Structure formats: C-alpha cells, structure tokens
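Student: Before I ask anything, let me first share the structure, which is written out below as structure tokens.
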Amino acid sequence: MATLLFPGLCRPLCLFLAFFCSLPLLGICKESESDRQALLCLKSGLSAPAGALTSWSNVSMEFCNWHGITCGVMSPRRVIALDLESQGISGSIRPCIANLTWLARLQLSNNSFGGGVPSELGLLSRLTNLNLSMNTLEGTIPPQLSACSQLQVLGLWKNSLSGEIPASLSQCKRLQEINLGKNKLQGSIPPAFGNLPELRILDLASNTLTGNIPPSLGSFRYLTYVDLGINALGGVIPESLSNSSSLQVLRLMSNSLTGELPKALLNTLSLGAICLTQNNFVGSIPSVTVISSPLKHLYLGENHLSGRIPSSLGNLSSLLHLRLADNHLVGSIPESLGYIPTLEILTLSTNNLSGPVPPSIFNMSSLKSLGAFDNSLVGILPIDVGYTLHNIKDLILSGNNFDGPIPASLLKAYHLRWLDLNNNRFIGFIPFFGSLPNLVHLDLASNELEADDWGFVSSLSNCSRLNMLALDGNNLNGKLPSSIGNLSDSLDSLWLNSNQIFGPIPPEIGNLKSLSILYMDYNFFTGNIPPTIGKLHNLINLSFAQNMLSGQIPDTVGNLVQMRLLELDHNSLSGRIPASIARCTQLTKLNLSYNSLDGLLPG
C-alpha cells in the first residue's frame, strides 16, 4: 500500500539505502588496498630468487594468498603475519612496512636484508614477534621499538648492528625473549631489563659489551636462559643471578669476570648448564651439597681456579660434560668422578694434578672423551682399558709421566679417533692400530717405544681416515718399509724424526699426496733422496736434515711450489743445487749447509 500511496518516494529511498549499505564495503576495500599497496611497496626495495615473491603482483588482488602472507579472519581482511624466513631475499626493509597496521608477526630471518632496522617498526602497535636475525643489517637498534607495547619476541641475532642497547626496550613489559647476539653492540647491559616481568630468554652473546652484569637480572621470575658470553664484561657474578630458582642455562664464557665462584652456583635445583670458561675467576671450586642436581654441563676451564677438585662433584649424577682444564688445580683426581654414571666428556688438562688416574675413571663405560694432558700424572694404563672404555673416542694423556706398555686392548676401542700419548715414558712395541677404522690422530711421540719389524705401519693402511701420525722422539730402528706409502690418502702430517731409522727412504713416500708436513730428520737414512718426493705437491714443511743421505738433490723438489721450509743440512749430498728450487717461491727457510753442494742458491 505504501508504494501505491507514495510512488514518488520509491526511487530516492532505494538509492539512499543502497548508498548507506555500501559505506562499510568501501571502507573494507580501502583498508585492504592499503595493506596490498604496503606489500608492493616493500617488494619494490627487494630482490628475491624466482618464486619467493612472484605472487606479490598487481595481477593478483587476493594478497592474502600471496606467499608468506597470513591474514586474519576478521572483515575486512588484514595482514597479521609476514613469514619469509630463508628465502634468499636481499635489499632493505622499507618504512612503508609500518602501513601494515595489523601486523603481529614479522619473520624475515636468514636472508640478506641490509640497511638499517626501520624506526617505523615502532608504529606497529600490535606486533608481538619481530625476528630479523641472520641478515646483514647495520646501524643502531631504534629506540622507537619501545612503542611496540605487545612485543614478546625481539630477534636481531647475527647482524652487524652497533651502538648501545636502548634502555627504553624495558618499556616492552611483555617481552619474553631478547636475542641480540652476534652483533657489534657496545656499552653496558641496561639495568632496566630487570623490570621485564615475563622475560625468559636473554641472549646478548658475541658483542663488545662492557661493564658489570646488572644484579637486577636475578630478579626475573621466569628467566630460564642467559647468554652473555664473548663480550668484555667485568666484575663478579651477582649473587642474585646464581640464586635464581628458574635459571636453566647460564653462559658467561670469554669475558673478564673476576672474583670467586658463588657457592650457590653449583647447588641450584634448576641449572642444567653452566659455562664460565675464559674468564679470570679465582679461588676454589665450590662443594656440591645438593642431593639431586639437574646439572649436565659444567665448564670452568681457562680461569685461575686453584685448590683441589672437590670429591663432591661426584654427586652431580646427571653430569654429561665436565671441563676444568687450564686452571691451577692441584692434588689427585677424585675417584668419585668415575662414579658419575652419565659422564661423557672429562677434561682436566693443563693443571698441576698428580698421582695416578683412579681406576674408576678407566672403568667408565659412558666416557667418550678423556683429556688430562699437561699434568704430572703417573702410573700405567690398565691392561683392559680398551674393553672398559669401549665408547672412548678421544684419549689424550700427553705431557705426563705415564710408563709401561701401551695396552693392546686399545685395539678393541672401536670408536677411538684421537689417541695422544706423546711426551710420557711408554715403552715396548707399538700395537697394530689398523683395527681402528675411525682413527684420525695418532700421536705417540717422545716416548721410549720400539718397532717390531714395522708391521704396525702396514696395519695402519687400514685406517682410511688417518690424518696425523707422530712417532718422533722414540727408539724406532730398522728400515722404513715400503708400506709407508700405503697410509691413508688423507694423511696430512708424518713425523718420524729423532729415531734410529736407517736404510733408504722408500720411494713409495711419494704416494702420500695429501702430506703438508714431513719430518724425517735426525735418523740414519742413507742413499738418495727419491725423486718421487716431487709428487707431494701439498708439502709445506720438509726436513731430511741430520741423516747420511748422498747423491744429488732431485730436480723434482721444484714441484713443491707451496713449500715454506726445506731442511737438507748435515748430510752427504753433492752436485749442483737444482735451479728448479727457484720455483718454490713460498720458501722462507732453506738450509742446505754441511753438504758437498756447489752452484748458486736460487735467487
């Protein structure tokens, strides 16, 4: 009836209603178009491999379907996340990114973004996760980021950022993770960080930070991970930090920290890893009084710690790694360490430890690495050590006073890759180590070992990974067998000097194509220098000095163009000095004295 009574009103009313209903739609299009244009603006400053940003194009109006884009479910559709991690993208982050006003997550890590961190990011009031790590960003951290009141994760790790850490970041009260490691940041750690109530992870490692560790860092209620390593921090470890009930990982290595270790540090019920290496800590290692500690990694090496190793360390029943090397520790090794059922790595090297190694240590089936070099330890290796240490990979006992024979049972330590017993008093024959397929480093130098018809050399041809063989300074005699040429293709260093080896140098020595170091001086080698020596194109150091070699120097030495040291002195060599030596342009030391050579030295 209304349309019949007022026919003239129908058209204006319908037009009004249509216009009114279209207003929200126009708003939607405008806001969405703003996000689309912001993305296209961002792309204009970038270079990316095919596929990474191909979908970001005017051809497609559906920007929510573009690669790396996540839009919210609300209407109008807005960009809430931008994820372009590890896409090979380079270029700079343009300020127009701030037009993505609903952005909550910005993940651009592991690319090649350069330039600075845009201060306009501070306009993104909804941003919770900002990760620009592993790029090449420069300049300072913009203090404007403190305006991101919802920020929970700040990741700028592994860039080239410089300047000071803005103290204003403490205004981001919801921060849970701050990762600024591996940059060029300077200045001190802002004490105001102690006012961040939800902080869990703080990583400022590998910068040039100075000053002390703020005691306020120990006030965090939820803090689990602190890495301030590789800086220039000084002072002591705050008691508040060592008393933390939530802290699980504390990494302070490679600083200039001083003072004694807090007694509470080894007696928390939360810490699983403590790394304090390369500092200036003094005093003794605190005793362990807790019954059940979660501590798995304890690194106290390269400090100035003194006194004895507390036997109470054996109470750390979860310990995997214990590193106490490069200190001033004295006394014997506590037998209790051998009763830690999980211990895999034990490093006690470069201290003043004395006495024998406790039998419990040599009975640790869990042990993979034992380093006790450069001490004053004595005694013999147990005859069954290869059976009891059946998981051992690295056995490094050099620079002590061990004696007796090298146990043949070591041949049963199948995983052994690094065996270093040099500078001791071991006697007897060298075992046939060829049954150890993983052997990489074999150093038996400076002992009183003998060779039983050199069969051990033939056996070593089975060690395909052997990289270093040091037998110098022993009582090896007899002729060097031709099987020396069957050693591993990867052999880099061969030390046979200071023995009593006689006879000719086997020409098969030229088969060791990877050799960079060859020392055979101070023996009784006779005959000529084999021309096959010229096949060792990687040689850097070569010494045949102090032998009884005769004949001419082969022209093939000129093939050793990388050689820096050549010592042939104190032999009976004759003839002209080969002109080919002039091709060895890297030579810094050449000694041909005490021979019967003539001619001119190469220019």
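Residue numbering for the sequence shown is -29 to -1, 1 to 574, as defined by mature numbering (1 follows the signal peptide of the UniProt record, and there is no 0).
Ideal Cβ positions, reconstructed from N, Cα and C, are used throughout, including at glycine.
Computed from a predicted model, the values in this text were never measured in an experiment.
Determine, using beta carbons only, whether Ser211 and Ser177 come nearer to each other than 8 Å.
Tutor: Along the sequence shown, one-based indexing puts residue 211 at 240. Along the sequence shown, one-based indexing puts residue 177 at 206. Contact: no.
Student: Can Leu415 and Asn433 be called in contact, C-beta distance under 8 Å?
Tutor: The residue given as residue 415 occupies position 444 in the sequence shown. The residue given as residue 433 occupies position 462 in the sequence shown. No, the pair does not count as a contact, with Cβ atoms beyond the cut-off.
Student: Leaving out the 5 sequence neighbours to the left and right, which residues in its chain are closer than 6 Å to Cys246 when beta-carbon positions are compared?
Tutor: Translated into the one-based positions of the sequence shown, residue 246 becomes position 275. Around Cys246: Arg222, Met224 and Tyr270.
Student: Under three-state DSSP, which class holds Gly93?
Tutor: The residue labelled residue 93 in the question sits at position 122 within the sequence shown. Reduced to three states, the DSSP call for Gly93 is helix.
Student: Name the two residues that bound the continuous alpha helix (DSSP H) containing Val356.
Tutor: The residue given as residue 356 occupies position 385 in the sequence shown. Val356 to Thr359 is the span of the alpha helix (DSSP H), which, as asked, contains Val356.
Student: Under 8 Å between the Cβ atoms of Thr497 and Met519?
Tutor: To locate residue 497, count along the sequence shown from 1; it is residue 526. To locate residue 519, count along the sequence shown from 1; it is residue 548. Cβ distance < 8 Å, so Thr497 and Met519 count as in contact.
Student: Tell me the rounded alpha-carbon separation between Ile398 and Leu368.
Tutor: Within the sequence shown, the letter at position 427 stands for residue 398. Within the sequence shown, the letter at position 397 stands for residue 368. If you take the alpha carbons of Ile398 and Leu368, they lie about 15 Å apart.
Student: Using DSSP's beta-bridge definition, name the partner residues of Glu421.
Tutor: Position 450 of the sequence shown, counted from the first residue, corresponds to residue 421. DSSP output for Glu421 lists Phe400 as bridge partner(s).
Student: Need the endpoints of the alpha helix (DSSP H) that Glu210 sits in, please.
Tutor: As a working note, residue 210 is residue 239 in the sequence shown. Element bounds for Glu210: Glu210 to Ser213.
Student: For Leu55, which residues from the same chain have a beta carbon less than 6 Å from its beta carbon, with the 5 sequence-adjacent residues on both sides left out?
Tutor: The count along the sequence shown starts at 1 and reaches residue 55 at position 84. Only Gly39 and Leu79 meet the Cβ criterion.
Student: Could you please give the first and the last residue of the uninterrupted beta strand (DSSP E) stretch that includes Gly522?
Tutor: Here residue 522 corresponds to residue number 551 of the sequence shown, with the count starting at 1. It spans Met519 to Gly522 - the beta strand (DSSP E) in which Gly522 sits, taken as one unbroken run.
Student: Would you tell me roughly how many angstroms separate the C-alpha atoms of Cys(-16) and Glu4, rounded to the nearest one?
Tutor: Locating residue -16 in the sequence shown gives position 14, where the first residue counts as 1. Locating residue 4 in the sequence shown gives position 33, where the first residue counts as 1. Residue placement at Cys(-16) cannot be trusted, given a pLDDT of 41 that sits under 50; what the coordinates show is reported in the next sentence. Rounded to whole angstroms, Cys(-16) to Glu4 spans 28 Å at the Cα level.
Student: Which residue wins for smallest C-alpha separation from Leu420, given the options Ile480, Pro376, Lys14 and Leu236?
Tutor: Here residue 420 refers to the residue found at position 449 of the sequence shown. Considering only alpha carbons, the answer is Pro376.
Student: Between the C-alpha atoms of Ser464 and Asn457, what's the straight-line distance to the nearest angstrom?
Tutor: Reading the sequence shown from its first residue, position 493 is the one you call residue 464. Reading the sequence shown from its first residue, position 486 is the one you call residue 457. In a straight line, the C-alpha of Ser464 is about 14 Å away from that of Asn457.
Student: In chain order, what residues of the same chain lie with their CB nearer than 8 Å to the CB of Gly85, ignoring the 5 residues before and after it?
Tutor: Taking the sequence shown and counting its residues from 1, one reaches residue 85 at position 114. Here the set comprises Ser61, Gly62, Ser63, Asn106, Thr107, Leu108 and Glu109.
Student: Should Gly126 go down as buried or exposed, given a rule of 16 or more other Cβ atoms within 10 Å for buried?
Tutor: Taking the first residue of the sequence shown as 1, we reach residue 126 at position 155. Gly126 comes out buried.
Student: Leu290 to Arg388, Cα distance in whole Å?
Tutor: The residue labelled residue 290 in the question sits at position 319 within the sequence shown. The residue labelled residue 388 in the question sits at position 417 within the sequence shown. So the two alpha carbons sit approximately 23 Å from each other.
Student: For Gly165, report the span of its alpha helix (DSSP H) as first-last.
Tutor: As a position in the sequence shown, residue 165 is number 194, starting the count at 1. First-last for Gly165: undefined, no H or E at that position.
Student: Ignore the nearest five residues each way along the sequence and tell me which others in Asn371's own chain have a CB closer than 8 Å to its CB.
Tutor: Taking the sequence shown and counting its residues from 1, one reaches residue 371 at position 400. Here the set comprises Ala343, Phe344, Asp345, Asn346, Ser347, Leu348, Val349, Asn394 and Asn395.
Student: Among Ala441, Leu431, Ser320 and Ser336, which has the Cα closest to the Cα of Ser453?
Tutor: For the purposes of this step, residue 453 is taken as the residue at position 482 of the sequence shown. Of Ala441, Leu431, Ser320 and Ser336, the residue nearest in Cα terms is Leu431.
Student: Determine the direct distance from the alpha carbon of Thr99 to that of Met439, and round the result to whole angstroms.
Tutor: Looking up residue 439 in the sequence shown gives position 468. Looking up residue 99 in the sequence shown gives position 128. Looking at the two C-alpha atoms, the distance is approximately 53 Å.
Student: Please work out which residues of its chain come closer than 6 Å, Cβ to Cβ, to Pro113, disregarding the five sequence neighbours upstream and downstream, and give them in chain order.
Tutor: If you number the sequence shown from 1, residue 113 lands on position 142. Excluding positions up to five away in sequence, the list reads Val88 and Ser90.
Student: Would you say Gly302 and Ile280 are within 8 Å of each other, going by their C-beta atoms?
Tutor: Here residue 302 is taken as the residue at index 331 of the sequence shown, counted from 1. Here residue 280 is taken as the residue at index 309 of the sequence shown, counted from 1. Cβ distance < 8 Å, so Gly302 and Ile280 count as in contact.
Student: Considering only DSSP beta bridges, list what Trp389 is partnered with.
Tutor: Residue mapping note: residue 389 aligns to position 418 of the sequence shown, counting from 1. Trp389 pairs with Asp365 and His412.
Student: Less than 8 Å between the beta carbons of Ile524 and Leu539, yes or no?
Tutor: Looking up residue 524 in the sequence shown gives position 553. Looking up residue 539 in the sequence shown gives position 568. Going by C-beta atoms, Ile524 is nearer than 8 Å to Leu539.
Student: Indicate whether Met491 and Phe515 have their beta-carbon atoms separated by less than 8 Å.
Tutor: Locating residue 491 in the sequence shown gives position 520, counting from the first residue. Locating residue 515 in the sequence shown gives position 544, counting from the first residue. Yes. Within cutoff.
Student: Which residues in the same chain as Lys14 place their Cβ atom closer than 8 Å to its Cβ, once the five residues preceding and following it in sequence are excluded?
Tutor: Mapped onto the sequence shown, residue 14 falls at position 43. Counting only Cβ-Cβ distances below 8 Å, and skipping sequence neighbours, we find Leu24 and Trp27.
Student: Tell me Trp466's beta-bridge partners as DSSP assigns them.
Tutor: Translated into the one-based positions of the sequence shown, residue 466 becomes position 495. According to DSSP, Trp466 bridges with Ala441 and Tyr490.
Student: CB Gly158 to CB Thr181, shorter than 8 Å?
Tutor: Against the sequence shown, residue 158 aligns to sequence position 187. Against the sequence shown, residue 181 aligns to sequence position 210. Contact: yes.
Student: Leaving aside the five residues before and after Ser551 along the sequence, list all residues of the same chain whose C-beta is less than 7 Å from its C-beta, in chain order.
Tutor: Counting from one through the sequence shown, the residue named residue 551 turns up at place 580. If we look at Ser551 and ignore the five residues flanking it on each side, its Cβ neighbours are Asp526, Val528 and Gly529.
Student: Measuring CA to CA, which of Thr321, Asp443 and Ile68 is closest to Ala422?
Tutor: Here the question's residue 422 lines up with position 451 in the sequence shown. Among Thr321, Asp443 and Ile68, the Cα nearest to that of Ala422 belongs to Asp443.
Student: Starting from the C-beta of Thr556, find all residues in its chain whose C-beta is less than 6 Å away, skip the five residues before and the five after it, and write them out in chain order.
Tutor: Indexing the sequence shown from 1 puts residue 556 at position 585. Closer than 6 Å at Cβ, skipping near neighbours: no residue.
Student: Please report the Cβ distance between Leu413 and Leu390, rounded to the nearest whole angstrom; I am assuming they are in contact, meaning their Cβ atoms lie under 8 Å.
Tutor: As a position in the sequence shown, residue 413 is number 442, starting the count at 1. As a position in the sequence shown, residue 390 is number 419, starting the count at 1. Contact flag correct, Cβ pair sits at about 5 Å.
Student: Going by CA-CA distance only, name the one from Ser187, Asn202 and Glu169 that's closest to Ser213.
Tutor: The residue you call residue 213 lines up with position 242 of the sequence shown. Comparing Cα positions, the closest option is Ser187.
Student: Three-state secondary structure (DSSP) at Tyr270?
Tutor: Numbered from 1 along the sequence shown, position 299 holds the residue referred to as residue 270. If DSSP states are grouped into helix, strand and coil, Tyr270 belongs with the strands.
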